[in-house]
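Q:
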Amino acid sequence: MTVPFASSTDFCAKLLFRLAALAVVFIMLAPSAAHSLPLFARQTGQNCLACHAGGQFPELTPYGRMFKMTGYTIGERTVPLSAMVLGSYSKVADTSKSDDPSADFSKNGSLIFATASVFLGGKITDNIGAFAQVTYDPYSVQNSDGSYAGHTNADNIDIRYADRFIDGKNDFIFGVSANNNPSVTDPWNTAAAWMQYVPVPSPSSSQFIDGNTPYPTFASGGNIAGLTAYGFWNQMIYGEIGAYGTSTGLFRFMSAGLDSSSSCTSNCVTQLKGLNPYARLAISREWGASNLMVGAAGMVSQVYDFDPSETTHYRDLLVDAQYQYLLDPHTVTAQMAYGWHRVSYPASVADQPAVDASGNPVANTSSSDTSNVFRAKVTYVYQAKYGGSVNFFNQTSSTNTYYLNSARVNGNVTGNLGQRGATLEAFWTPIQYVRLGVQYTAYNRYNGASTNYDGAGRNASDNNSLFLYIWGAY
Amino acid sequence: MNSGHILLAATIGIVSAGCSNLDRSRDLADPNVPAKALAQQVCSNCHGMDGNSISPAFPRLAGQQATYITSQLTNFRSHQRSDPAGSFYMWGLSRHLTDEQIAGLAEYYSKQTPLRSDAAEDPKLVAMGKAIYENGVPEQNVIACAACHGPKAQGTGTFPALSYQHANYVVKQLNVFQNTQGRPGTPMESVTHPLTGDDKEAVAAYLQALPD
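From first to last, the protein sequence lines stand for chains A and B. Following the working numbering, the residues of the first sequence are numbered contiguously, the last one being 474. Following the working numbering, the residues of the second sequence are numbered contiguously, the last one being 686.
1) Give the interface partners of Arg164 (chain A) over in chain B, defined as CB-CB distance under 7 Å, in chain order.
2) Give me whichever residues DSSP pairs with Leu49 (chain A) in a beta bridge.
3) Counting only the same chain and skipping the five closest in sequence on each side, list residues whose C-beta sits under 7 Å from that of Gln546 (chain B).
4) Quick check: is the beta carbon of Leu111 (chain A) nearer than 9 Å to any beta carbon in chain B?
5) Taking 6 Å as the limit between beta carbons, can you name the residues of its chain near Ala690 (chain B), skipping five residues before and five after?
6) Does the beta carbon of Arg569 (chain B) come closer than 9 Å to any beta carbon on chain A?
7) What does the alpha-carbon distance come out to for the pair Ala442 (chain A) and Ser358 (chain A)?
8) Between the Cα of Ala93 (chain A) and the Cα atoms of A:Ile470, A:Leu466 and A:Ala473, which residue gives the shortest distance?
9) Per the contact definition of three or more C-beta pairs closer than 8 Å, is the region 119-138 of chain A in contact with the region 147-162 of chain A?
10) Looking at C-beta atoms only, is the number of pairs between the region 146-156 of chain A and the region 209-228 of chain A that lie closer than 8 Å three or more?
11) Report the residue ranges of all alpha helix (DSSP H) runs contained in full by the region 72-106 of chain A; include only those spanning at least 4 residues, in chain order.
12) At 7 Å on the CB atoms, spell out the chain A contacts of Asn642 (chain B), in chain order.
13) Please tell me whether Gly566 (chain B) has its Cβ less than 9 Å away from any Cβ of chain A.
14) Please report how far the alpha carbon of Asp328 (chain A) lies from the alpha carbon of Met254 (chain A), in whole angstroms.
15) In chain A, which residues lie less than 9 Å from Asp557 (chain B) when you measure between Cβ atoms?
16) If you pair each beta-carbon of the region 38-56 of chain A with each one of the region 432-440 of chain A, do three or more pairs fall below 8 Å?
17) Look at the alpha carbon of Thr632 (chain B) and the alpha carbon of Tyr542 (chain B), and state the distance between them as a whole number of angstroms.
18) Comparing the C-beta of Arg435 (chain A) with each C-beta of chain E, is any distance below 9 Å?
19) Under 7 Å between beta-carbons, which chain A residues line up against Asn519 (chain B)? List them in chain order, please.
20) Do you know offhand how far Ser204 (chain A)'s Cα is from Thr365 (chain A)'s?
21) State the DSSP-derived secondary structure class of Asn444 (chain A), mapped to helix, strand or coil.
22) Mind listing the chain B neighbours of Gln46 (chain A)? Cutoff is C-beta to C-beta under 9 Å, in chain order.
23) May I have the straight-line CA-CA distance separating Arg420 (chain A) from Phe393 (chain A), to the nearest angstrom?
24) Can you say whether Phe105 (chain A) is buried or exposed, counting buried as having 16 or more other CB atoms within 10 angstroms of its CB?
25) Is Met293 (chain A) closer than 9 Å to Trp188 (chain A) when the C-beta atoms are compared?
26) Express the C-alpha separation of Glu425 (chain A) and Cys268 (chain A) in angstroms, rounding to a whole number.
27) Along the chain, where does the alpha helix (DSSP H) that runs through Pro558 (chain B) open and close?
28) Measure the beta-carbon distance from Phe218 (chain A) to Ser183 (chain A) and round it to whole angstroms, keeping in mind my assumption that it falls under 8 Å.
29) For Tyr215 (chain A) and Ser260 (chain A), I'd like the C-alpha separation in whole angstroms.
30) Can you name the residues that DSSP bridges to Ala577 (chain B)?
31) Give the straight-line distance between the Cα atoms of Val378 (chain A) and Pro361 (chain A), rounded to the nearest whole angstrom.
32) Return helix, strand or coil for Arg164 (chain A), following the three-state DSSP convention.
33) Tell me the residue span of the beta strand (DSSP E) that contains Ile606 (chain B).
34) Once DSSP output is grouped into helix, strand and coil, what is the label at Phe67 (chain A)?
35) From the DSSP output, read off the bridge partner residues of Val176 (chain A).
36) Can you tell me whether Gly659 (chain B) is buried or exposed, with buried defined as 16 or more other CB within 10 angstroms of its CB?
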């Protein structure tokens with residue numbers, strides 16, 4: 001793996017110093033009591049690491065999963081508010097192979113205030129609890145003069161009712177959830193909504209960081225409206241089934257802040273045709289300090305922009321597994337997720353004439369595509385403070401002339417969406433609600449090629465990215 | 475918020491309030507929730523439904539002396555017991571428990587049957603631990619554990635039962651007694667003072683296995 005920042009060592013040292021200084025200020029300003037915590041911790045009075053493996057939010061421990069499945073109702077009602085903020089720095093390895101680096105790599109090498117969220121939730125009654133996130137993105141929309149406009153909208157929302165029937169022999173948790181993101185309800189962190197968790201800054205300098213590499217996900221995305229029902233039997237078998245639709249009417253709050261008008265150009269509400277089914281099955285086992293989950297999830301969704309007759313049909317099938325070893329001072333997590341994705345295009349996209357970068361006609365666009373995404377990650381945390389991870393990703397896809405694009409940097413001369421690479425991460429959690437991390441993501445395949453993927457000389461490794469972040473939650 | 479939302483919230487509130495069942499409550503600040511409900515709905519998440527926890531991160535409570543459980547929950551509630559692993563989890567959970575609930579939890583777990591874990595054991599280490607447990611280490615002025623904890627590690631009164639306890643947990647607690655002030659007010663600080671690392675590992679291995 002090539003590290004392309006040797007020439008900017010001094011700059012990086014200064015940046016790290018500034019981040020560290022910021023962290024020190026953050027730590028000094030934060031209350032020192034071990035139980036002055038975000039809302040769930042206030043509710044139970046416990047340390048974050050009771051629920052989060054090695055303290056690394058949001059990955060859940062077995063107890064954290066039970067807290068979630070029982071509807072966030074353990075403990076007592078408290079101030080139902082928390083806040084989260086992310087500062088970050090992104091740097092792309094090569095910004096020279098671009099016609100307009102300031103646009104293609106906006107905020108490259110700049111320390112920015114990336115995003116902030118407010119959480120509302122916790123225990124409401126003995127059986128009802130909530131997790132609702134509202135997120136502000138200061139770089140949501142870029143104006144024609146290059147400046148940015150911020151935007152606030154509903155993020156993950158999960159409002160649930162849960163009951164637990166338990167005696168000496170049987171243990172059955174049952175619940176229903178109104179939520180806005182398929183798998184946001186999931187207790188395991190290989191689920192589509194949770195495996196990539198570090199907030200992703202919007203400026204284009206972050207377009208190649210790990211959070212933007214392929215993860216097995218559901219095509220519908222979030223801010224839709226869903227009702228799911230789930231059960232967990234004898235802490236062994238988890239099943240969930242439900243359906244999602246457009247967040248309208250009573251469920252409009254699921255996409256609050258997003259534009260549902262037909263003239264929408266940014267921050268638009270996802271439009272789904274009818275009810276779109278979602279299902280999840282997982283098997284879990286715990287022994288000693290270890291626990292293992294193997295599961296699968298699937299969703300069929302029909303998404304359209306403004307014309308319901310022009311619907312894109314998605315089928316997503318995900319298989320995932322997670323192993324945890326949790327025994328102070330060690331936390332080991334191994335995660336694997338594989339996604340099979342099939343997309344069928346509407347008539348306006350399928351079988352259309354296409355041209356290559358030189359303007360020569362090529363085969364018509366395909367009516368459907370298939371892609372496969374594989375992701376494997378191993379994380380180790382020592383003393384719930386010092387952590388590191390290795391993360392491998394590989395996406396393969398069918399080839400479609402629809403994806404031919406002669407633009408530099410984001411161009412595609414292969415018609416293939418294949419990506420392959422790895423991310424190394426190191427992080428430090430000086431106190432339980434602050435994490436500093438550094439990620440380095442390296443590519444050896446991008447848009448179906450290792451070299452010259454955009455037809456203008458850009459190689460996959462030119463997209464290698466350094467990402468530093470300071471992430472706090474209180 | 476439109477009228478539909480208000481209606482929905484009101485409906486959920488009314489239905490939920492009406493359906494609230496103290497026997498299945500997870501409310502740690504409601505003195506009316508029975509101890510058995512707390513044990514099953516909350517404590518079982520870490521300590522197991524029958525008090526035989528799976529993870530060595532959490533102590534086994536099945537068959538524990540009721541007096542001892544009461545004293546520990548009371549010490550967590552008052553922050554008198556402050557070892558990190560205990561305080562991280564237990565200060566918050568115990569903060570609003572009533573004396574009656576604590577007594578009920580103690581009774582519930584003391585009546586569960588301790589089960590031997592299936593963790594692998596090292597016979598040599600277990601034999602060494604047995605010798606220390608039963609006879610102490612006279613040349614190091616280590617007294618026999620059995621003198622207070624009983625010949626079968628069944629405990630008595632405020633002296634806890636140790637049979638089938640997770641070895642990792644026992645070692646960590648011995649370290650707390652030996653090296654910190656996290657659990658004051660017991661004879662264990664002086665008792666553990668002369669123990670070597672090998673002694674602690676051996677005793678813990680013996681207690682976890684506790685062969686007949």
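Beta carbons are placed, not taken as given, at the ideal position from N, Cα and C, and that holds for glycine.
A: On the basis of the data shown:
1) Translated into positions along the first sequence, residue 164 (chain A) becomes position 164. What Arg164 (chain A) touches in chain B: Arg498 and Gln515.
2) Residue numbering aside, residue 49 (chain A) sits at position 49 when the first sequence is read from its first letter. DSSP output for Leu49 (chain A) lists no bridge partner at all.
3) Taking the second sequence and counting its residues from 1, the one referred to as residue 546 (chain B) is at position 72. In the same chain as Gln546 (chain B), and ignoring 5 residues on each side of it, the C-beta atoms closer than 7 Å to its own belong to Arg555, in chain order.
4) Residue 111 (chain A) sits at position 111 when you count from the first residue of the first sequence. Taking 9 Å as the threshold, the shortest C-beta distance from Leu111 (chain A) to chain B does not fall below it.
5) What the structure shows of chain B is the stretch from 475 to 686, and residue 690 (chain B) is not part of that stretch, so it cannot be assessed.
6) Position 95 of the second sequence, counted from the start, is the residue given in the question as residue 569 (chain B). Under the Cβ criterion of 9 Å, Arg569 (chain B) is counted among the residues facing chain A.
7) On the first sequence, residue 442 (chain A) is found 442 positions in, with the first residue counted as 1. On the first sequence, residue 358 (chain A) is found 358 positions in, with the first residue counted as 1. So the alpha carbons of these two residues sit roughly 30 Å apart.
8) Within the first sequence, the letter at position 93 stands for residue 93 (chain A). It is A:Leu466.
9) These segments touch.
10) The answer is yes - the region 209-228 of chain A touches the region 146-156 of chain A, with three or more Cβ pairs under 8 Å.
11) Counting only runs of 4 or more, we get 101-104.
12) Here residue 642 (chain B) refers to the residue found at position 168 when the second sequence is read from its first residue. In chain order: Leu327.
13) For the purposes of this step, residue 566 (chain B) is taken as the residue at position 92 of the second sequence. So yes, Gly566 (chain B) belongs to the interface.
14) Here residue 328 (chain A) is taken as the residue at index 328 of the first sequence, counted from 1. Here residue 254 (chain A) is taken as the residue at index 254 of the first sequence, counted from 1. Their backbone Cα atoms lie some 39 Å apart in a straight line.
15) One-based indexing of the second sequence puts residue 557 (chain B) at position 83. Chain A residues near Asp557 (chain B): none, gap ~11 Å exceeds 9 Å.
16) With a cut-off of 8 Å, the region 432-440 of chain A and the region 38-56 of chain A count as touching, because enough Cβ pairs lie within range.
17) For the purposes of this step, residue 632 (chain B) is taken as the residue at position 158 of the second sequence. For the purposes of this step, residue 542 (chain B) is taken as the residue at position 68 of the second sequence. Rounded to the nearest angstrom, the two C-alpha atoms are 5 Å apart.
18) This model lacks chain E altogether, as its protein chains are A and B.
19) By 1-based counting over the second sequence, the position of residue 519 (chain B) is 45. In chain order: Tyr63 and Met66.
20) As a working note, residue 204 (chain A) is residue 204 in the first sequence. As a working note, residue 365 (chain A) is residue 365 in the first sequence. Each residue's alpha carbon lies about 28 Å from the other.
21) In the first sequence, counting from the first residue as 1, residue 444 (chain A) sits at position 444. Residue state for Asn444 (chain A) is assigned as strand, using DSSP reduced to three classes.
22) As a working mapping, residue 46 (chain A) is identified with position 46 in the first sequence. Going along chain B in sequence order, the residues near Gln46 (chain A) (Cβ under 9 Å) are Phe562, Tyr563, Met564, Trp565, Gly566 and Leu567.
23) Here residue 420 (chain A) refers to the residue found at position 420 when the first sequence is read from its first residue. Here residue 393 (chain A) refers to the residue found at position 393 when the first sequence is read from its first residue. Between Arg420 (chain A) and Phe393 (chain A), the alpha-carbon positions lie close to 6 Å from each other.
24) Translated into positions along the first sequence, residue 105 (chain A) becomes position 105. Residue environment: Phe105 (chain A) is assigned as buried (16 or more neighbouring CB atoms within 10 Å of its CB, all protein chains considered).
25) Indexing the first sequence from 1 puts residue 188 (chain A) at position 188. Indexing the first sequence from 1 puts residue 293 (chain A) at position 293. Yes.
26) Residue 268 (chain A) sits at position 268 when you count from the first residue of the first sequence. Residue 425 (chain A) sits at position 425 when you count from the first residue of the first sequence. The straight-line gap from Cα to Cα measures roughly 33 Å.
27) Working through the second sequence from its first residue, we reach residue 558 (chain B) at position 84. Element bounds for Pro558 (chain B): Pro558 to Ser568.
28) In the first sequence, the residue the question calls residue 218 (chain A) occupies position 218. In the first sequence, the residue the question calls residue 183 (chain A) occupies position 183. Right, their Cβ atoms sit about 7 Å apart.
29) The residue labelled residue 215 (chain A) in the question sits at position 215 within the first sequence. The residue labelled residue 260 (chain A) in the question sits at position 260 within the first sequence. The straight-line gap from Cα to Cα measures roughly 27 Å.
30) Position 103 of the second sequence holds residue 577 (chain B). Residue pairing for Ala577 (chain B): DSSP places it in no beta bridge.
31) Stepping through the first sequence from its first residue, residue 378 (chain A) is reached at position 378. Stepping through the first sequence from its first residue, residue 361 (chain A) is reached at position 361. CA-CA distance, Val378 (chain A) to Pro361 (chain A), rounds to 45 Å.
32) Working through the first sequence from its first residue, we reach residue 164 (chain A) at position 164. Note: Arg164 (chain A) maps to strand in three-state DSSP.
33) In the second sequence, counting from the first residue as 1, residue 606 (chain B) sits at position 132. Note, Ile606 (chain B): premise wrong, no beta strand (DSSP E); alpha helix (DSSP H) at Pro597 to Asn609.
34) Within the first sequence, numbered from 1, the residue matching residue 67 (chain A) stands at position 67. DSSP, read as helix, strand or coil, puts Phe67 (chain A) in helix.
35) The residue you call residue 176 (chain A) lines up with position 176 of the first sequence. DSSP output for Val176 (chain A) lists A:Tyr161 and A:Ala229 as bridge partner(s).
36) For the purposes of this step, residue 659 (chain B) is taken as the residue at position 185 of the second sequence. The residue in question, Gly659 (chain B), is exposed, as its Cβ has fewer than 16 Cβ neighbours within 10 Å.
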